[in-house]
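Student: Just so we're aligned, residue 46 is where the sequence shown starts under this note's numbering, counting upward by one. Positions of the beta carbon are idealized from the N, C-alpha and C atoms, including for glycine. Note that the structure is a prediction, hence the values are computed from the model and not measured. The structure's right below; bear with me while I get my questions together.
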Amino acid sequence: MKILSLLVSNKVSVNDDTKNITIEGVFDSIGAFTFPAKHKELTVSLITQGIAGKHYFKISIMKGNKELAAVDKEALTGISHRFIANFYDVVFPEPGTYTIKAIADKEKLTTDINLNLLKQTSKLWTWLLNQ
């Protein structure tokens, strides 16, 4: 099995008829005026390809070696599989770089991406809105 993509977004929806997915609001940074900061909702989408059968998936949000939140499950998959992890009310204790860690099949396959938490000021917020 190999990981084809890993995305952080606001929302993911799956069409029941076509099985197409719609990913809304892909991002790699979150801004907050104060810390600790609670992020109401975020979704991590993992797309894999490999041998059909029973596989284990886990998505974690990490700060260093500390796991802040995780979603894991076993699933029967086809050759291609989409694992969508919904996170609610995740508390980020401080500004900095966090890691989104994806594991498939109990550590046999892993990948990481960074998620940046930025301390916002009114000038930064204005600048971001104008980009």
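#1: Given a cut-off of 8 Å, decide if residue 158 and residue 49 are closer than it, judged by their beta-carbon atoms.
#2: With C-beta atoms as the reference, is residue 128 less than 8 Å away from residue 120?
#3: Could you check whether the segment 55-69 touches the segment 78-90, counting it as contact only if at least three pairs of C-beta atoms, one from each stretch, sit closer than 8 Å?
#4: Determine which residues share a DSSP beta bridge with residue 141 and list them.
#5: In terms of residues, what are the limits of the beta strand (DSSP E) holding residue 107?
#6: Alpha carbon to alpha carbon, how far is residue 82 from residue 76? Give it in angstroms, no decimals.
#7: Could you pull the start and end residues of the beta strand (DSSP E) that residue 66 belongs to?
#8: From 136, 78, 61, pick the residue whose C-alpha is nearest to that of residue 108; which is it?
#9: Quick one: give me the first and last residue of the beta strand (DSSP E) that residue 117 is part of.
Tutor: This is what the structure holds:
#1: As a position in the sequence shown, residue 49 is number 4, starting the count at 1. As a position in the sequence shown, residue 158 is number 113, starting the count at 1. No, they are not a contact pair.
#2: Numbered from 1 along the sequence shown, position 83 holds the residue referred to as residue 128. Numbered from 1 along the sequence shown, position 75 holds the residue referred to as residue 120. Cβ atoms of residue 128 and residue 120: closer than 8 Å.
#3: yes
#4: The residue you call residue 141 lines up with position 96 of the sequence shown. According to DSSP, which records beta bridges pairwise, residue 141 is partnered with 162.
#5: Residue numbering aside, residue 107 sits at position 62 when the sequence shown is read from its first letter. Residues 98-108.
#6: Position 31 of the sequence shown, counting from 1, holds the residue named residue 76. Position 37 of the sequence shown, counting from 1, holds the residue named residue 82. If I take the Cα positions, the gap works out to 9 Å.
#7: The residue labelled residue 66 in the question sits at position 21 within the sequence shown. Its beta strand (DSSP E) spans residues 66-71.
#8: Against the sequence shown, residue 108 aligns to sequence position 63. The candidate whose alpha carbon is nearest that of residue 108 is 136.
#9: As a working note, residue 117 is residue 72 in the sequence shown. 111-122 is the extent of the beta strand (DSSP E) around residue 117.
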